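Taken in order, the first sequence gives residues 283 to 843; the numbers are from this note's numbering. All C-beta atoms in this analysis are idealised placements derived from N, C-alpha and C, irrespective of residue type, glycine included. Note that the structure is a prediction, hence the values are computed from the model and not measured.
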Amino acid sequence: MGRTLKEAPSDADCVSHSYLVRSGMVQQVMTGVYSLLPLGWRTFRKIENIIREEMDAAGGQELMMPSLQPMELWEKSGRLPSFDKTLFTVRDRKDHIMALGPTHEEVITNLVGRIVQSYRDLPQLPYQIQNKFRDEPRPRGGLLRVREFFMKDLYSFDADEDGLDESYRKMVQAYKNIYRRCGLPAVMVEADSGAIGGKASHEFMLLVESGEDEIIFCPKCEYAANMEKATSIKPAGKAEDPLAVEEVSTPGLKSIEEVAGFLNVKADQTLKSVFYVCDGQVIFVVIRGDFEVNETKLKNVLKCTEMHMATEAEVQEAGIVAGYASAIGLKGIKIVADDSIKLGSNFVAGANKPDTHLKNVNFPRDFNADIVADIAKARAGDPCPKCQGPVKIERGIEVGHVFKLGTFLSERLGAYFLDKDGNSKPIIMGCYGIGLGRLLAAAIEQNHDDKGIIWPLPIAPYQVYLCSIKADDANVAAKAEKLYNDLTAAGIEVLFDDRPESPGVKFNDADLIGLPLRIVISPRTLKDNGVEVKWRKDKETRNLPLEGLIEAVKGLLDKAV
RNA sequence: CGGGGUGUAGCGCAGCGGCUAGCGCGCAUGGUUUGGGACCAUGAAGUCGGUGGUUCGAAUCCACUCACCCCGACCA
């Protein structure tokens, strides 16, 4: 089953999507929802098995939890606002509303809380490999961001911080094993914990150009972090003696670039104002002109759940003079400043009246802020926060995320245990997720050429593409059939292309599907009583005799792992 | 949510008031081919996304609706 396509589907917007569809591995059912066809499902199950083995090896216990979840659990956990519209809901015949699980922390915490009574029952490492549902604002990239997806989620329950650290360490190691065994080098980076909440958190990234996430990393030391979380050292601006504030006319000049150019100063001599609305409240953000606001950091500083850039109407309503705004003399609006405003002097800033800016603005002499914190995006080239070496930026796809959750869920959902001294304490939690479909798609993003997929051996749907040329030749057909049976009997996974197609068609399909080893059997190779063998990733072919071929192929495959 | 775009055969597209809706790929049958997407012949396949309107006449114009795709949040 499955059919390869010569032309890319019109709605494919990235390589992995295009190849997944063209090679007949997936089919879209509706936006953000896909069927996995036999070929795709085989790869999927290989990834799943590797994950399962590593989870079991790390002490995990697999279980199953339902997709339908009571809203009551979500009300109890208090995470309803942060999931908001992402949560799919359904109604039963009595009009009772239920959730389709976007994750299972609520259910598992409730479950474990009812079983665990004593510190003697801890630690616990239950996990599941199941589908989850999230009504994403914009599904995209084929399997990269979808609304229904399979996820491996393991949850750790410990009696104390040391236990959590140990569970976390075990999982990090298990994750490293998983990516290594899949043949997919992933890097571990510091991460923001987002809607899930909690303290420490790391992501595992597959580095690819097309990735949605930006990663800051230091080539000199071990430092690596998601852009959302990353810091770099901010170079100081000019340190001058504060001068008297001076008004300058800047007609029609609004952007930092325009103003700085007009006044002949650098961007780091200016203050930029940006406006957000956080949980309904207008926030005035000040940052040095050469930096940009990191919205994730800002959101965390403000501890708010919903945040968006203020619309023009919202800006106007707040009485802000767009284009010429600054924090100077501003009243009734919460001001958040990036700490970069302390690194410099005699800044240019808006005058809060049209077509006018102020020179020689200094903090805190001329204005104040309700919060001063690091809310800037880290920049490539700036010094590393750990070792001062210049940091770099790369793009990647998030293929795993681990969190130290702490106790907020166990407290809210009533998962307590008695410690040695008979005191009731909340269980300390962690959670550890891998999106299987995302990992599959990311593998293709990282491993392909202009002909098609180049599967890493451990997760290829089959190991060998056996291809007969002139398949209707009785001799070829018989030898090919025997070879297929022998290889299969020897435990080698073979996709047998015995279609009576022309060589070009078969070779192109072989390249598209991307199985690691291609074996061609044809009248030509049979003249020497042999076959032709070629690795998908290589250009060269070589001929091997039919005699002893099974062992030879086995040897090749074993060596390749 | 805002903005834009597209729905015509399994896939990719053309047709954009004039009556029997086309092309390429794929599919079926027969024949010639067989080491990098072969060729000839014949053939099957379409409620032109849906509903309503305008018109002698609608795939084509209008309205609504549904589906799918893309873009957007440093502009202050």
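- Per DSSP, residue 557 lies in no alpha helix (DSSP H) segment; the continuous beta strand (DSSP E) that holds it begins and ends at 553-560.
- The Cβ atoms of residue 394 and residue 406 sit closer than 8 Å to each other.
- Residue 336 and residue 458 have their C-alpha atoms roughly 10 Å apart.
- Put simply, the backbone Cα of residue 298 is about 12 Å away from that of residue 679.
- The beta carbons of residue 760 and residue 750 sit about 10 Å from each other, so the pair does not count as a contact at 8 Å.
- In its chain, beyond the 5 residues on either side, no residue has a beta carbon closer than 7 Å to the beta carbon of residue 830.
- The residues 441, 699, 700, 701 and 702, in chain order, have a CB closer than 8 Å to that of residue 401 in the same chain once the five nearest residues on each side in sequence are set aside.
- Shown here, residue 347 sits in coil according to DSSP, grouped into three states, outside any helix or strand.
- Under the 8 Å Cβ criterion, the stretch 611-621 counts as touching the stretch 565-573, having at least three qualifying pairs.
- Three or more beta-carbon pairs drawn from the stretch 741-750 and the stretch 798-817 are found closer than 8 Å, and the two stretches are therefore classed as touching.
- Residue 738 sits in coil when the DSSP states are folded into three classes, being neither helix nor strand.
- In this structure, DSSP gives residue 496 an extended state, which the three-state scheme calls strand.
- Apart from the 5 residues on each side of it in sequence, residue 363 sits with its Cβ closer than 6 Å to the Cβ of 587 in its chain, given in chain order.
- Taking 8 Å as the cut-off, the beta carbon of residue 560 is found no closer than this to the beta carbon of residue 591.
- For the pair residue 325 and residue 839, the CB atoms are not nearer than the 8 Å cut-off.
- In the pairwise beta carbon analysis, the stretch 667-686 is classified as touching the stretch 492-499: at least three pairs are separated by under 8 Å.
- By alpha-carbon distance to residue 339, the top candidate from 606, 717, 456 and 709 is 456.
- The criterion of a C-beta distance shorter than 8 Å is satisfied by residue 685 and residue 713.
- The beta strand (DSSP E) runs of length 3 or more contained entirely in the stretch 504-550 are, from start to end of the chain, 506-508 and 528-531.
- When C-alpha distances from residue 516 are compared across 411, 664 and 764, the shortest belongs to 664.
- Counting the other Cβ atoms within 10 Å of the Cβ of residue 419 gives fewer than 16, which makes it exposed.
- Nearest in C-alpha terms to residue 758, of all of 811, 535, 508 and 627, is 811.
- Rounded to the nearest angstrom, the Cβ distance from residue 740 to residue 464 is 6 Å, consistent with a contact under 8 Å.
- Burial is judged here by how many other beta carbons sit within 10 angstroms of a residue's own beta carbon; residue 386 has at least 16 and is buried.
- In terms of Cβ geometry, residue 544 and residue 532 form a close pair [threshold 8 Å].
- Under a 10 Å Cβ-count criterion, residue 322 is classified as buried, with 16 or more other Cβ atoms of the shown protein chains found around its own Cβ.
- Residue state for residue 616 is assigned as strand, using DSSP reduced to three classes.
- Within the same chain, Cβ atoms closer than 6 Å to the Cβ of residue 556 are found at 567 and 575, the five residues on either side in sequence being excluded.
- Judged by DSSP in its simplified three-state form, residue 672 adopts strand.
- Cβ-Cβ distances below 7 Å link residue 614 to nothing in the same chain once the five nearest sequence neighbours on each side are left out.
- When the alpha-carbon of residue 410 is set against those of 436, 598 and 653, the nearest one is in 436.
- Within a 10 Å sphere around the beta-carbon of residue 669 sit fewer than 16 other beta-carbons, which makes this residue exposed.
- Residue 305 sits buried, since 16 or more C-beta atoms from the chains shown fall within 10 Å of its C-beta.
- For secondary structure counted as the alpha helix (DSSP H) over 4 or more consecutive residues, the stretch 348-401 holds these complete runs in sequence order: 353-359, 362-365 and 387-397.
- In the structure shown, the three-state DSSP call for residue 598 is helix.
- Taking all protein chains shown into account, residue 384 has 16 or more neighbouring C-beta atoms within 10 Å of its C-beta and is therefore buried.
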